[in-house]
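Below is one structure, written out as C-alpha cells; comments come after it.
In the numbering used here, the protein residues as written are 21 to 441.
As C-alpha cells, then:
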C-alpha cells in the first residue's frame, strides 16, 4: 500500500498488525501478471534505473502547475545503493553501504549517518524526503526487495484494464488499483519474460480531499507520473556508484537540521544587509499598483516565495501572522511571488485559503535587485529604509516566530539591529 505521511510527505508502509480478515487478496489474473515482475526484483542481485517524474496540478481540465524531476537509482545486494534525485531547484544524492550512509545535499554540503539502512528498509525509511512519493519507485528499482509489500497490502481492489500496446508500440498490461486511503494508481508493465515497468500514474486527489489536510477545490487534481526510461536487474554495477568522495571545498554537517540552520543563519553574510532597500514599482495580483516609497517611515517585511517551494509555503503564513500582530506599530507585510503566472498563483492561494494579495514579480526583476537568489528569503526593512535583517531558509515555526518577533520589537520603535550596522 502506498501511503503518504502528513508530517514529511514520505511514503510509509502500512501497519503490520493488519488482521487476516481485512487483508486484501488480489485476483488470480492480477497475480499472474504481477508476480513474475515482483519475483524477478526480489531475486535480483543488482539493479540500475532512470525514472522521469512529472507532477501535475490540474484545475478545470487545465494544467496550472507542472514540475519535472529525475531519479537515477542503482543497487547491489546485500545492502549497497545510491539514489540521485534531480529536481528543478535541488539535487540530492544518498550513498548507502553496509558501513555508513552519506547524504549529499549540495555540491559542497553533506552529512553522514552512522547507522545505515538496508535495501528493504530504504523503501520506506530513508533519512530524508526524496521526492513527493518515493516508495513505489524504490520498491520497483532496488534489488532484492519485495514489491508486493508496497503494491498488494492495504488495497481495496486491483484489476486488469486492458492488454493494449503501451503508447501504441510496446505490448503491455495495464492495471488499476485503489487503496484503502483512496489513492488510485494505473500501472503499465511489459509482456516480456520477466516483465519490466513502463509507467506508474498515481492520483493523490481523492486522498488529499478525504484527509482534509489540504483545502482542495472542486475540479482540482494532483497526479504523479513515473516513466521508467531505463530499468534493468542484471549486469555489473560498479562499486564507485556507492562511494562518496568529498572535494576539498566540501563541508560536512552534523545532520540535515544542522545544514538547514546553517542556511537559515546566513543572515550576516547577505550582501544587502545594512544597505538602502532598492525602491520598486509593482502590481499586486489584484491589480493594485504600489511602490516601496509609498511605505516610507514604516517597517516593511518582504517575503520572497513561490508555489513550488515547500519551505516557502510553510513559512509564509507564520511571517504573515507575526507581521500583522505589529500592524498597529506601522509594520507592513508584503508577500512577493517570484516569477510565476497570475493564474497559477491565484489558483494556489484559493486552494490554501490565504488572505493575501501578493506582489507579482514577473521576470524576477525585484528579486534580482534584492539578490534573492534562493528562497525562502525574507527581507526586513527598518523605518529608515535600510535592510536590517535577511532570513534565508526556513528554520521551523518556533525559531522563525521568535526571531521575527524579537526583530520587530526593536524595529517598530525605530531601533536598529546590530548585524546591519
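Glycine included, every Cβ here is placed at the ideal spot set by N, Cα and C.
By Cβ distance, which residues of its chain are closer than 6 Å to residue i, with the 5 residues on each side in sequence left out?
{"i": "residue 18", "result": "No statement about residue 18 is possible, as the shown extent of the chain runs from 21 to 441 and does not include it."}
{"i": "residue 401", "result": "297, 320 and 407"}
{"i": "residue 148", "result": "276"}
{"i": "residue 417", "result": "338"}
{"i": "residue 273", "result": "131 and 279"}
{"i": "residue 204", "result": "198 and 223"}
Among the options, which has the Cα closest to the Cα of residue i?
{"i": "residue 127", "options": "139, 112 and 121", "result": "112"}
{"i": "residue 377", "options": "357, 396, 145 and 392", "result": "357"}
{"i": "residue 173", "options": "351, 324, 124 and 45", "result": "45"}
{"i": "residue 136", "options": "100, 170, 104 and 156", "result": "100"}
{"i": "residue 261", "options": "102, 434, 82 and 59", "result": "102"}
{"i": "residue 372", "options": "334, 347, 398 and 144", "result": "334"}
{"i": "residue 398", "options": "355, 312 and 139", "result": "355"}
{"i": "residue 239", "options": "83, 55 and 70", "result": "83"}
{"i": "residue 75", "options": "69, 87, 81 and 68", "result": "87"}
{"i": "residue 291", "options": "202, 389 and 230", "result": "389"}
{"i": "residue 70", "options": "148, 51, 250 and 179", "result": "250"}
{"i": "residue 90", "options": "146, 326 and 150", "result": "150"}
{"i": "residue 254", "options": "56, 55, 60 and 43", "result": "60"}
{"i": "residue 430", "options": "158, 318 and 362", "result": "318"}
{"i": "residue 369", "options": "346, 306 and 312", "result": "306"}
{"i": "residue 80", "options": "363, 351 and 271", "result": "363"}
{"i": "residue 385", "options": "202, 359 and 374", "result": "359"}
{"i": "residue 244", "options": "353, 64, 432 and 153", "result": "153"}
{"i": "residue 142", "options": "349, 316 and 94", "result": "94"}
{"i": "residue 349", "options": "98, 432, 325 and 145", "result": "432"}
{"i": "residue 64", "options": "167, 53 and 200", "result": "167"}
Any idea if residue i is buried or exposed, counting beta-carbon neighbours within 10 angstroms, 16 or more meaning buried?
{"i": "residue 216", "result": "buried"}
{"i": "residue 252", "result": "exposed"}
{"i": "residue 47", "result": "exposed"}
{"i": "residue 181", "result": "exposed"}
{"i": "residue 309", "result": "exposed"}
{"i": "residue 323", "result": "buried"}
{"i": "residue 367", "result": "buried"}
{"i": "residue 427", "result": "buried"}
{"i": "residue 263", "result": "exposed"}
{"i": "residue 119", "result": "exposed"}
{"i": "residue 116", "result": "buried"}
{"i": "residue 265", "result": "exposed"}
{"i": "residue 403", "result": "buried"}
{"i": "residue 156", "result": "buried"}
{"i": "residue 311", "result": "exposed"}
{"i": "residue 271", "result": "exposed"}
{"i": "residue 230", "result": "exposed"}
{"i": "residue 25", "result": "Residue placement at residue 25 is poorly supported in this model, since its pLDDT is 30, which falls under 50; the coordinates are not used for a value here."}
{"i": "residue 387", "result": "buried"}
{"i": "residue 183", "result": "exposed"}
{"i": "residue 437", "result": "buried"}
Under the DSSP definition of a beta bridge, which residues are partnered with residue i?
{"i": "residue 412", "result": "397"}
{"i": "residue 292", "result": "None, per the DSSP bridge assignment."}
{"i": "residue 245", "result": "74 and 221"}
{"i": "residue 169", "result": "DSSP output for residue 169 lists no bridge partner at all."}
{"i": "residue 206", "result": "196 and 221"}
{"i": "residue 381", "result": "358"}
{"i": "residue 91", "result": "71 and 105"}
{"i": "residue 131", "result": "123 and 273"}
{"i": "residue 185", "result": "191"}
{"i": "residue 370", "result": "According to DSSP, residue 370 bridges with nothing at all."}
{"i": "residue 175", "result": "199"}
{"i": "residue 310", "result": "302"}
{"i": "residue 325", "result": "357"}
{"i": "residue 86", "result": "76"}
{"i": "residue 137", "result": "Partner(s): none; residue 137 has no beta bridge."}
{"i": "residue 100", "result": "96"}
Ignore the nearest five residues each way along the sequence and tell me which others in residue i's own chain have a CB closer than 7 Å to its CB.
{"i": "residue 242", "result": "77, 224, 225 and 228"}
{"i": "residue 435", "result": "none"}
{"i": "residue 20", "result": "As displayed, the chain neither begins before 21 nor continues past 441, which places residue 20 out of reach and without an answer."}
{"i": "residue 425", "result": "342"}
{"i": "residue 145", "result": "137"}
Taking 7 Å as the cut-off, does the CB of residue i come closer than this to any heavy atom belonging to the ligand NAP?
{"i": "residue 391", "result": "Among the ligands in the structure shown, none appear at all, so the ligand NAP cannot be discussed."}
Under 8 Å Cβ to Cβ from residue i, same chain only, skipping five residues before and after it: list those, please.
{"i": "residue 27", "result": "Reliability of the predicted coordinates at residue 27 is poor, the pLDDT of 31 falling under 50, and no value is obtained from them."}
{"i": "residue 213", "result": "56"}
{"i": "residue 365", "result": "305, 327, 357, 378 and 380"}
{"i": "residue 133", "result": "120, 121, 122, 123 and 147"}
{"i": "residue 295", "result": "406 and 407"}
{"i": "residue 218", "result": "186, 190, 192, 208, 209, 210, 247 and 248"}
Query raised in the report: On the three-pair Cβ rule with 8 Å, is the stretch 206-213 touching the stretch 185-194?
Result: yes
Requested in this report: Could you say if the stretch 299-308 and the stretch 329-343 meet the contact criterion of at least three C-beta pairs nearer than 8 Å?
Outcome: no
Report task. Would you check if there are 3 or more beta carbon pairs closer than 8 Å linking the stretch 380-400 to the stretch 410-428? Result -> yes
Requested in this report: Would you be able to state if there are at least three C-beta pairs under 8 Å between the stretch 118-137 and the stretch 158-167?
Outcome: no
Report task. Tell me, please, whether the stretch 413-427 touches the stretch 335-343 by the rule of three or more beta-carbon pairs shorter than 8 Å. Result -> yes
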